[in-house]
Structures are given as structure tokens and as C-alpha cells.
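Undergrad:
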Amino acid sequence: MNGFAALAPLLFLVGGAILVLLLGTRRNGGTNSVQAAVSIAAIAAAGFSAARLWGRAVRAFGGQLRFDEAALFMTFLFLLAAAMAVLLGMRYLVRHAMPRGEYYGLLLLAACGLVIMTATINLLIVFLGLEVFSVSAYALSGLNRRDDRSAEAAAKYFLIGSFASAFVIFGLALLFGTRGSLDVHQLALPETGGSSALALTGLALVVSGLAFKIALVPFHMYQPDVYEGAPTPVAAFFAAAPKAAGFLVLLRILVPHFQTGIRNEAIIEFLSAVAVATMILGNFAALRQRNLKRILAYSSIAHAGYMLIAVISGDPAGLLFYLANYLFMGVGAFAAVIALGGPGREILDLDEFAGVGRRYPWIGGIFTVLLLSMAGFPPTGGFLAKFYVFSTAVRAGHLGLAIVGVLTSLVSVYYYLRIVRIMFMKEPERELDVDTENPAVYLVLFLCLYAVLQLGLFPGNIITLIRQATASL
Amino acid sequence: MPVFVFIPLAPVLGALVLFLFGRRLPRRTISALACSTIAAAFVFSVAAFINLLSTAASGQNILTYKLFTWISAGAFRADAAFRFDPLAAVMVLVVTGVGLLIHVYSVGYMSRERDYGRYFACLNLFTFAMLLLVLADNLVFMFVGWEGVGLCSYLLIGYWFEKPSAADAGKKAFLVNRIGDAGFLLGILFLWTAAGTTSFFSLEIAVAGSVIAPSLATLSAVLLFIGAAGKSAQIPLYIWLPDAMEGPTPVSALIHAATMVTAGVYMVARLNPLYSFSPAAGQIVAFVGALTAVYAGTIALVQNDIKRVLAYSTISQLGYMFLGCGVGAYAAGVFHLFTHAFFKSLLFLAAGSVIHALSGEQDLRRMGGLKKYLPRTYPVFLVGALVIAGVPFLSGFFSKDAILVSAFARGQWFVGILGLAGAVLTAFYMFRLIFLAFFGNERFPAEVKSHIHESPAVMTRPLAVLAFLSIVAGFTGLPAVLGKRANLFSRFLEPVVRPAAEGNLSLGAEWTLILASAACAAVGIWLAYLFYVRNTALPGRWAARLPRIYRLLGRGYYVDEIYGAIVVNPLVRGADAVYRRFDLGIIDAAVDGTGRAAGYFGKAAGLVQTGWIKDYALAVLFGLVIFLGVLLF
Amino acid sequence: MTLALVFLIFGLLGAVMVSMNALLGPKKTNPVKEQPFECGSPPLQKGIPGFVIKFPLVVFLFVLFDIEVAFLFPWALIFREMKGPAFLILLAYAAVLAAGFVYAWRKGAFRWD
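Protein chains in written order, with our numbering: chain C, 28 to 500; chain R, 34 to 666; chain X, 2 to 114.
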């Protein structure tokens, strides 16, 4: 029965997904709000059953599925992201005449895949979750079938994603061949014989595949296109959730490896170079963009760079705190884009944002707070997150990384504040057709605002949770 | 949770509701909500006061309650914590009690205003901030309330923001207060470096144990006093208060007479161990207070705007309070604060009633003979004037006398004599106002006359209550010579305010002083009678004979102009030069250059982003090969 | 250090070779060569008459279900050991497959015309 308890979160998600898909086939019965309600209920049930697992170190299927506190913490993040994406989608799907049952169903399946990815220490199960997520994600990004950009996004995501998946599976094969196991603890054992070169190649392949999911430079290039083309609620979900899963898996592989594995200096060297490149490229490329979704895409790449610093300096707590923050900042920013959209069309070009802050002060104000948080201004959560990451980096002796991080954060202030300036300082050129009857989106916006401020002002409780989570790693 | 924690709660809830929904609620609801929240705060205050009396009997007279740790950075620590002790109890009762009366009065006074909800929202928010200020357990938390009352003062002075003079006055008050706040903040910082704490309790211990270096203590005490001088309108930062009269009259009564401007006095009294520890700082406080008392009194002599007379009078009375605190008679200073809150808000509200009756006329030269038109306002105004003038056995007499007695008892003859001189001035300008407004010829135009009406009961009833309080409040602190129930007030404050060192004034000397100050009041009133009733040509003749002095006083010693010439203009011009030369020439150029370079870099980064899948795949492969190379070789 | 040098040299060599191609190679283009598909059939023409677009869909669905059913073989291998629970698991598996089938059906994937 223990196994069933561990399976419950996944069962609720999959069951909800099937139910919503079937509801979507009905001609009249499956209205939008019913499907959304079913999805939210499934997510809530999954969250509840996951919460019951906290502190019980539940294993199932011979230890293949293991819900330790770190996995549960991530599960909550994914479920929150999925729930917010459901809320964001409700009105958006109608406005853009997109298939609804598929949206909710695939979203739940994607969340399910991410949960599987994090709730194991066996890399084969990780791959299973990765593929469950990826296949759903390819379809999600192409969901707006009448939009060429959406189709382009899906095609690019699928092709490059398959490429990365192939890397991972090849790497797994090499690892299994040399080590005889795919348990992360077995992988990290010091060399006892056999070919270390093959094992290291396998490790490099797996890490590269994960770097693709996290969108680290130079594995990042699909991301701006996918963010731009994918429906905005989908982009909101992609902004934080898959990164979080990728980072946790990276952590699970590297934490034992840094203790007992070999060639650790080389790995740290490479990851440092990647972090620097990611921070610099992400932030500088964002400077030139005029499309808001592309700006947010590059900004999410840059944030991945900061988070990688936490991995390098061996600071899981800082990483989880940053991820929790970024979840709300990222989803909230895309929510603001959705809130400012009109029927059938979204405002994406920066110039079109002129004056919307004054016309819609609530949306503009919350968007501003979220952007300030991304830029790392106190008293928001973004500030504390960066502060923790950079200070532990300095303490761990990665002074250079921290300096690059601070400098590129300064660069990022420019493009974040440019959005604020355009929203509040410039006169609108014409009246915008904004659909303001969108209560679900406002709910998400206020939730994100609250979360960012709570994390910035009173982070005590969440840090206690994170301490418990990292202790289980 | 102890009951005093709930005192600030009701006003902040009221303010929240009114800020959010004030525009949509009907006026009756707004008035009811605003008044009932303050009434609730008052009830809580009374309950907390009674509770304090009962716990004081068992020796526990300082209650604290910590809400949460607010800031904790390294060794620096500040809690959001409340402290309820006799001093805070007095302040809380004054703030909520007088505040309640003024809220009720405002219902009548503001009834014709368009933006009714905003007014009461600000007033409620102000009450909340003021309660935070007086209940705070440490300087940092107190600073929150300190800034809050400053903000509300700014909002309410500029309540009629369509009027440029009101908007300017609000800005002036805010900017001048900033200077004071800078001093206040620096003072907190120095105090923290010296004592390692900002909580009043630990500060008292640190001072008692002489942990603080005397020089640092003096420095921080003086800096804190700069903050107090800004908030409480003392030389040289008093210039904002006369202009603040642009706000609605009830605001002048509540914020610029009874409560906010006394925050500085309260703070000095609260930090009395520090000021007693540093005699130099105390001496500065006493001198500035005494000088301000006389100086503002002389300006008040010739003002023609009824509210400006009262504003300068407030500055002068605040000077008395600082005088008391400066010579070490903190209880006397707070006692004067206590009585002043009643009679000065009474005077302001009565003046408001006069202005209301005359359809907004504030100039004394266009009043006169109002006695018969305002049968309910006149007596209370007269009571207020008698009290502030220091007529014996009224509260103003006792509190002022307590200060002067302490000054002479400590051998501070100079400030004591200044105080006596100020008493003559006070009686004179106050009765000049009475005679000009209520006696003599009717100098207002005919069409105003047709509109004259006594104010509604909602306005006059609070006046009656305040008049009653102004008369009797003094009996809580009778001088020592008047029997055994004397000095109730200072004995109540004893746990917080260390009892003044025994004065070496003999019984006879004290009686002499009491008689002297009564004589001062009499002289002032007699002079005013001489000038403005017996021989009304006299003021004009004096003004003609001494035109320079008359103009000098009328313009408030040209202080605004002097500040403009030596501080404001050079600053503006300097800032402009810095902006042109440095900002545009160097900083902006550098920033633009960096920005442009960053932009080019971004463009280069964009070039790699071709949009072709084969390039994306190539990049992935590139990354992998590098990783492999680094790992394997 | 030598490692970095090796990488630099070989990296440069690679870059030179790739760019040489672009620089030196003859660039003779013609419209046909610029077209996305050049397998002999012109990209713009009338569609092949009688070709039914539904066909690939059915093929995909067939392959999908075929593969899923193939998973029954490993299940059969352990059925003897697990008995009852294994049967329940199979039922759940089949139910998911059936749900997928119903979904495809309701979406009209099997409708030929």
C-alpha cells in the first residue's frame, strides 16, 4: 500500500489528464470551465497526496520511485506552475480558438513527466519522465495550429529535443555499460577498472541533454523561438517548470559525483564557462529584442545562468530558493502579457505597450514589481535569491562567477526597466483592445505578486522547507 | 495579546477600507466608519490605561509586546514591538481622545467637500501612524511612525491640491521635514554604533551603565534633536508650519497643534536618560526651545491671518515644551504637551468655526464684532485664549508654571526669563486676536454678513468638550505648593521619566514665580485691551512709527527669503550646473557609450541566432564536443 | 595549457575548413536548386489525385496501438509469479489504452470521409 501512496500524485495527474481529454471530445458537456475545474481538482488532489508524503521518505517499485523531500518540494512547484497555467489558459484558449481538452490534458501529463523526473535517483526513470514531459511539450507548443509560429516552434522543439534525447539515451547506454547501474550513487564511484573514458563520455552526454532542457548556452538556441511561438500560457509553464526539473536532476547527479567522482575540476571548469556564457549571452541578447516574449525567453536563459552558479558552488538550498522565486516571476510575467492581450491577438511588440501601465495600473503595477524582482531589487524575492546565490558563490571561492553575475544583473536592469518605462512613461499611440474580463489571470497575477513579496520579506517558512528538502538529497 | 496592541488596529483598518472604497461609499457611512474606528481606538486606550494602573500597583508599569522580528542583519536588530508605559499611555489617550473629537468636528466642517473619503482615509491613516510612533519600542520602529505621520501631514496639507499654494505648502513641509529626518536617522545610526541597540529599554540600561562614550551620546542626542526640531517646528526648521495652515482647519488642529508636532517633544522625553546623560545636548534643547518660544511669539504679534497667529503660537508653545525637557523637567514638558493638546486644538477648531461662519474668511482685518453672531463659538474661544494666556487656575497656567519653576530651580535664569517674556507675548497676541475678531466694528462686507451663521452642533459640541478639558486638565498636575494631591501627573510618569532632581527653590520663591507669571498674563491682556479696544488707533500709529520692525515681524524676520537666498537658490543653481557639466557631459556619455556597446554585443549575439534548426543542432554538438574535450583530456 | 592550444588549433582548423567551403566552392544556383525538395518532383503541382490524407493517420494509430499491445509480452512472463495484482495492473493498462481509443474515436480519427 505504501507503493500506492507514492504513486497517488502521479495517478491523480494521469487520471485527470485522461478525464479531461475524454471530456474534450464531447460536443456539449465538456465546457471550458468544467475541464479547467477538473484539471485544477486533479492538481489539487495530486498536491494533497504529495503533501501527505512529506517527511515519510516513501519508496515504491523497489526504490525506483522515491519521493524524498527535494522531489516533493519540486512536485509542489510543478503543480503550482501547472495550476497557474490552467488558470491562464482558460480565457486564452477561447480567445485564440485553440483545442481545450488537449491543452489541459497535455499540461497535466507534462507536469506528471516532470514529477517522475525528479522523484527518482535512477537515470533511466529520469529519462522516462523526460520523454513523458517532452512529448507533451512538443504538442503543447504547437497547439495553436492556425499560427505558423506555433507550428514552427513545435517543429524546432521536436527536432532539437529529439537530438538532445538521443544524447541522453546514448549517454545512459555508455554509463550502464561501464558501471552496471544507472543509480546516481553508483555512477559516482571512483574508478575501479573498466574504461573511465567511456563513463565520462556518458556523463557528458547526459549532462548535455539536461543542459538542453535547462537551456544553457550553447544548448539554448531553441528556447527563444519556442517561447515566441508557443501559446503564451504554455510558455509560462515552460518558463520555470522544466528548468526546475533539469536542475534537480543535475544536482542529483553532481552532488554525489563531486564527493566521490573523478575529474571534478574539469566538470566545474566547464560548468563555470557555461554559466558565464549563459549569463552574458542571455542578458545581452535580451537587450536588442523588441518582442516581449523573446525578451522573457532570453531573461529565462540568463536566470538559468545564475542558478547554475548555485549548482557549481554546491548550494542546493540557494538553487531551490531561486527556482521557487523564478517560478512566480516567470509565470507572473507571462500572465501579465496574457492579461494585456485582446481577443484573437496579443500585444507583444514593445512599442505597443506604451501607456498600458497608466491605462491598467493594476496589471502594470504588478508587472513592474515582477520585473523588478527579476532584476533583483529589494524587497522582492528576486533580490534575496540572487543575494543568496552570489554570496554562497563568493564563500565557495567562485568570486569571478559572482562578479560576472552581478555585472550581468546590472545589464539586465536596462531591459527590464525599459519595459516599465514604456508602460508608464510613453504616450499610447492608439487605444488597445484589451480583454479585461479575465478574473483567472488576475488571480494568478496577485498570487505571483504575493509570492514574490512574501519570499522577499518573510522567507523564513519557505527556507525551513528548503532546508528539509536539501537535507534529503 | 495585551489590549494595547489593538489600539492602532482599528484606525489602520478604517484607513484601508476608506482608501479602497472611499469613493463609492455614501458620506454617512464614511463618517460613521472613520469616527467609530477612532472611538474604538479610544476605548482600547482607556482599557489599556486602566489595565496599566492595575498592573502598576503590582509594580509592573512598563509593558512590552513583540509582534515579530522586523530586521535582523548581522548584529543589527530591530523588532516590530510595542511598549506601553505611562508616557505612551498619556500620548495614546491624547491622540485618540483629541483625535476622536476632531474626527467628529470634521464631519461638520468637511461636509461640503467633494473628496470626503480621501480626507477621512488620510486622517485615519495619520492616527494609525501617530499611534505607531508613540507605541514603538525602539527608535527604528518609531521611525516608521515618524515617516508615516510626515506622509499623512503632506497629504493633508495638500488636501486641496488644485490650489498651488496648498500643493507648495505640502511640498515645503515634506522637504523641511526631510532635513530633520536625515538628522534623526543619523542620530539613530550613531546611537546604535555607540550603544549597539535601538530599543528604549536597552538604551536606558546602556546609558545608566555609562556604556556610551559621552561625546557620541552628545552627538547622537543633538542629531536626534535636529529631527525633533524638524517635526516639532523649532528654530531653524520651523518654516513649514505657518505654511501648513493651507490644509483644512481640523487637520491643523489635529496634526499641526495637538499631535504630530509634539512628536519631537515626545521623542526627547522618551530618550530622557540620554539627554540627562549629556548636559550639553540638554542645554542646546533648552536654548533652542526658549528662543523659539519668544521668537515665534514676536512674529505672532502682527500676523493678520487668524490661523497663522495660531500657527506661530503653536511654535512658541512647542518651544516651551522643549525648554522644559531641556532643563531636565521632562514631566513638565510632557504635561504642557498634554494641556496644550486640549487648548490649542480648541483654539484651532474654534477658529475653524469662525472661518466656517464667515464663508472662508481668515483675515482678522475683515472680522470684528462677531461676539453676537457666534454665541456658542465665542465663549469657548475665550476659554481657550484665557487658558493659553496663563490665567491662574486654568490648565495652561499650571503647565507653563511647572516648566518655569523647573527652569529657575535649576538655575537656568536666562531661559526662565525668556519664558516669562514669552508669556507676556502669548497673552498679548491671543487677546489681540480675540479683540480683533469678536469685538469692535464689523469690518466684513455686507454679503458675508448675510451668510453668517453659527456652526452646527456636530462642530460646537466637540468644542464644548475641549473647553471643559482645557479648564480641568491642569488639576492633574498642581504645583507642589498647592497641597498634597499635587504633581499627580509627574508621579504617574515617574517610571519612565526620571523625577527631576529636587529643585532648590524655596516655598516663597515658588509663590513669587506663580504670582509673576500670573502678572505676565495680566500685563499681556491689559496691553492688548489698550491697543485694540481702548485706543484702536494705537496699533496703526505704532506701525507707522516703526515701519521697519513692523514689516520685519510681519514677514517673519524674512526667514523664508533668507533661506531662499542662501540655501535653496545656490542648491538649485549648483544642481543645475552639476546636471549640465557632470551628468550630461560625463555620466550620461559614459552610460550611453556602455549602453551602445552592450547593444552591439547583443546584436552580435543575435547573429548567431539564425533561426535554422541545423545551426541550433550544430550549437548543441559544439557544446557537447567542448564538454567531452574538457572531460577527457 | 597544451590542451587549450590543441583545442585552439583544431578548432581554428575546423573553422577554416568550414569557411573555405563557403569561400572557395562554386556557387552556381538555379531556381530548382533553391527549392526545399529537389527529388525530381516539382514542389508546386496539382496534388496526386485520389490520395487520401486520412491514410497516414490510421497508420499511425495502428502502429501506436500495436506497440502498446506488444508490452503485453513482458507482462505475460511475470504473470505466473504475481498473479492477482498483475491482472489488476493489466486492467489499468488496458483501461488507459481504451481511453486513448475512445478519444481517437470521438475525435473522428476513424471517419474515412
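Note that CB positions come from ideal geometry on N, CA and C, so glycine has one too. Model, not experiment: these values are computed from the prediction.
When you compare the CB of F8 (chain X) with every CB in chain R, is at least one pair closer than 7 Å?
TA: Counted from its first residue, the third sequence places residue 8 (chain X) at position 7. Taking Cβ atoms only, chain R reaches closer than 7 Å to F8 (chain X), which makes this a yes.
Undergrad: Is the beta carbon of N310 (chain C) closer than 7 Å to that of S439 (chain C)?
TA: Taking the first sequence and counting its residues from 1, one reaches residue 439 (chain C) at position 412. Taking the first sequence and counting its residues from 1, one reaches residue 310 (chain C) at position 283. In contact: S439 (chain C) and N310 (chain C) (Cβ atoms closer than 7 Å).
Undergrad: When you compare each of C:V121, C:F75 and C:F274 to A63 (chain C) by their alpha carbons, which one comes out closest?
TA: If you number the first sequence from 1, residue 63 (chain C) lands on position 36. For A63 (chain C), the nearest C-alpha among the options comes from C:V121.
Undergrad: Is S503 (chain R) buried or exposed, if buried means 16 or more other CB atoms sit within 10 Å of its CB?
TA: Locating residue 503 (chain R) in the second sequence gives position 470, counting from the first residue. A buried status is given to S503 (chain R), since no fewer than 16 other beta-carbon atoms sit within 10 Å of its beta-carbon.
Undergrad: To be precise: take each residue of the segment 615 to 646 of chain R, compare its Cβ to all Cβ atoms of chain C, and keep it if any distance is under 8 Å. Which residues remain?
TA: G628, A631, G632, F634, G635, K636, A638, G639, V641, Q642, G644 and I646
Undergrad: Let me make sure I understand the geometry here. Which of R:L222, R:L571 and R:I135 has the alpha-carbon closest to that of V173 (chain R)?
TA: Taking the second sequence and counting its residues from 1, the one referred to as residue 173 (chain R) is at position 140. Minimum Cα distance to V173 (chain R) is reached at R:L222.
Undergrad: With a threshold of 7 Å between beta-carbons, can T52 (chain C) be considered close to chain X, or not?
TA: Here residue 52 (chain C) corresponds to residue number 25 of the first sequence, with the count starting at 1. For T52 (chain C), the answer is yes, since a Cβ of chain X falls inside 7 Å of its Cβ.
Undergrad: Kindly list, in the order they appear in chain R, the residues whose Cβ is closer than 7 Å to that of L4 (chain X).
TA: Residue 4 (chain X) sits at position 3 when you count from the first residue of the third sequence. Residues of chain R passing the Cβ test: F666.
Undergrad: At a CB distance below 8 Å, what residues from the segment 648 to 665 of chain R approach chain C? Give them in sequence order.
TA: Listed by position along the chain: D648, Y649, A650, A652, V653, F655, G656, L657, I659, F660, L661, V663, L664 and L665.
Undergrad: Tell me, to the nearest whole angstrom, how far the beta carbon of Q642 (chain R) is from that of P251 (chain C); I am working on the premise that it is less than 8 Å.
TA: For the purposes of this step, residue 642 (chain R) is taken as the residue at position 609 of the second sequence. For the purposes of this step, residue 251 (chain C) is taken as the residue at position 224 of the first sequence. Yes, Q642 (chain R) and P251 (chain C) are in contact; Cβ-Cβ is about 7 Å, under 8 Å.
Undergrad: Just to confirm my understanding: we take T145 (chain C), look at its own chain, exclude 5 residues before and 5 after, and list those with CB closer than 6 Å. What are they?
TA: Sequence index remark: in the first sequence, residue 145 (chain C) carries index 118 (1-based). Excluding residues within five positions, the ones whose Cβ falls inside 6 Å are A98, M101, A272 and L275.
Undergrad: Cutting at 8 Å between CB atoms, please list the residues of its own chain near L526 (chain R), excluding the five before and the five after it.
TA: Sequence index remark: in the second sequence, residue 526 (chain R) carries index 493 (1-based). Here the set comprises P119, L120, V123, Y363, A364 and V367.
Undergrad: Can you check whether the C-beta of I196 (chain C) is within less than 7 Å of a C-beta belonging to chain X?
TA: Position 169 of the first sequence, counting from 1, holds the residue named residue 196 (chain C). Chain X, which has no Cβ nearer than 7 Å to the Cβ of I196 (chain C), makes this no.
Undergrad: Taking a contact to mean a Cβ-Cβ separation below 7 Å, would you say G402 (chain R) touches G449 (chain R) in this structure?
TA: As a first step, residue 402 (chain R) is located in the second sequence; it is residue number 369 there, counting from the start. As a first step, residue 449 (chain R) is located in the second sequence; it is residue number 416 there, counting from the start. No; because the gap between Cβ atoms is not below 7 Å, this pair is not in contact.
Undergrad: Ignoring anything shorter than 4 residues, give me the alpha helix (DSSP H) runs that lie fully in the segment 101 to 156 of chain C, in order along the chain.
TA: 127 to 145
Undergrad: Just to make sure I have the definition right: I need the residues of chain R whose C-beta is within less than 8 Å of the C-beta of P251 (chain C). Which are they?
TA: Stepping through the first sequence from its first residue, residue 251 (chain C) is reached at position 224. Per Cβ cutoff of 8 Å: Q642.
Undergrad: Compare the Cα-Cα distances from G47 (chain R) to each of R:G280, R:G181, R:L166 and R:T70 and report the closest residue.
TA: Against the second sequence, residue 47 (chain R) aligns to sequence position 14. Measuring from the Cα of G47 (chain R), the nearest candidate turns out to be R:T70.
Undergrad: I need the boundaries of the alpha helix (DSSP H) containing R578 (chain R), first residue and last residue.
TA: Position 545 of the second sequence, counting from 1, holds the residue named residue 578 (chain R). Segment L571 to R578, the alpha helix (DSSP H) holding R578 (chain R).
Undergrad: Would the segment 419 to 432 of chain C count as touching the segment 337 to 347 of chain C if we require 3 or more Cβ pairs under 8 Å?
TA: yes
Undergrad: Which residues, taken in chain order from the segment 36 to 52 of chain C, show a beta carbon closer than 7 Å to some beta carbon of chain X?
TA: I45, L48, L49 and T52
Undergrad: Quick one: grab the DSSP three-state call for R457 (chain C).
TA: Here residue 457 (chain C) refers to the residue found at position 430 when the first sequence is read from its first residue. Here R457 (chain C) sits in coil by DSSP.
Undergrad: Ignoring anything shorter than 4 residues or poking outside the segment 361 to 446 of chain R, list the alpha helix (DSSP H) runs there in chain order.
TA: 363 to 390, 410 to 422 and 428 to 442
Undergrad: Count the CB pairs spanning the segment 134 to 143 of chain C and the segment 39 to 59 of chain C that are closer than 8 Å, and state whether there are at least three.
TA: Counting Cβ pairs under 8 Å, three or more are found: they touch.
Undergrad: Could you pull the DSSP bridge partners for D338 (chain R) from this structure?
TA: Within the second sequence, the letter at position 305 stands for residue 338 (chain R). DSSP, once it has assigned bridges, lists R:D396 as partnering D338 (chain R).
Undergrad: Which partner residues does K99 (chain R) have in the DSSP bridge list?
TA: Stepping through the second sequence from its first residue, residue 99 (chain R) is reached at position 66. Its beta-bridge partners are R:A114.
Undergrad: Does the Cβ-Cβ distance between T160 (chain R) and P44 (chain R) come in under 7 Å?
TA: Counting from one through the second sequence, the residue named residue 160 (chain R) turns up at place 127. Counting from one through the second sequence, the residue named residue 44 (chain R) turns up at place 11. Yes, Cβ-Cβ distance for T160 (chain R) and P44 (chain R) is below 7 Å.
Undergrad: Report the CB separation of A109 (chain C) from I70 (chain C) in whole angstroms; it is logged as a contact under 8 Å.
TA: Sequence index remark: in the first sequence, residue 109 (chain C) carries index 82 (1-based). Sequence index remark: in the first sequence, residue 70 (chain C) carries index 43 (1-based). So it is a contact: roughly 6 Å between Cβ atoms.
Undergrad: Using the Cβ count rule (16 or more neighbours within 10 Å means buried), how would you classify P36 (chain C)?
TA: The residue labelled residue 36 (chain C) in the question sits at position 9 within the first sequence. Buried, since its Cβ has 16 or more Cβ neighbours within 10 Å.
Undergrad: Any chance you could list the alpha helix (DSSP H) runs of at least 4 consecutive residues sitting entirely within the segment 154 to 231 of chain C, in chain order?
TA: 175 to 206 and 211 to 214
Undergrad: Mind checking if V438 (chain C) is an interface residue toward chain R, Cβ cutoff 7 Å exclusive?
TA: Against the first sequence, residue 438 (chain C) aligns to sequence position 411. Yes, V438 (chain C) lies at the interface with chain R (some Cβ there is under 7 Å from its Cβ).
Undergrad: Just checking: is the beta-carbon of S327 (chain C) within a distance shorter than 7 Å of some beta-carbon in chain R?
TA: Translated into positions along the first sequence, residue 327 (chain C) becomes position 300. No, S327 (chain C) does not count as interfacial toward chain R.
Undergrad: I want to see whether chain C comes within less than 7 Å of A100 (chain X), judged by CB atoms only; does it?
TA: The count along the third sequence starts at 1 and reaches residue 100 (chain X) at position 99. Taking Cβ atoms only, chain C reaches closer than 7 Å to A100 (chain X), which makes this a yes.
Undergrad: Residues in its own chain within less than 6 Å of M300 (chain R) by CB, not counting five upstream and five downstream?
TA: What you label residue 300 (chain R) is simply residue 267 of the second sequence in a count that begins at 1. These residues qualify, in order along the chain: A261.
Undergrad: CA-CA distance, A319 (chain R) and G487 (chain C)?
TA: For this step, residue 319 (chain R) is matched to residue 286 along the second sequence. For this step, residue 487 (chain C) is matched to residue 460 along the first sequence. Spanning the two alpha carbons is a distance of roughly 47 Å.
Undergrad: Taking DSSP's pairing of strands, which residues face L92 (chain C) in a bridge?
TA: Reading the first sequence from its first residue, position 65 is the one you call residue 92 (chain C). Beta-bridge pairing links L92 (chain C) to C:A87.
Undergrad: What do you reckon, are the CB atoms on L472 (chain C) and A402 (chain C) nearer than 7 Å?
TA: What you label residue 472 (chain C) is simply residue 445 of the first sequence in a count that begins at 1. What you label residue 402 (chain C) is simply residue 375 of the first sequence in a count that begins at 1. No, the Cβ-Cβ distance between L472 (chain C) and A402 (chain C) is not below 7 Å.
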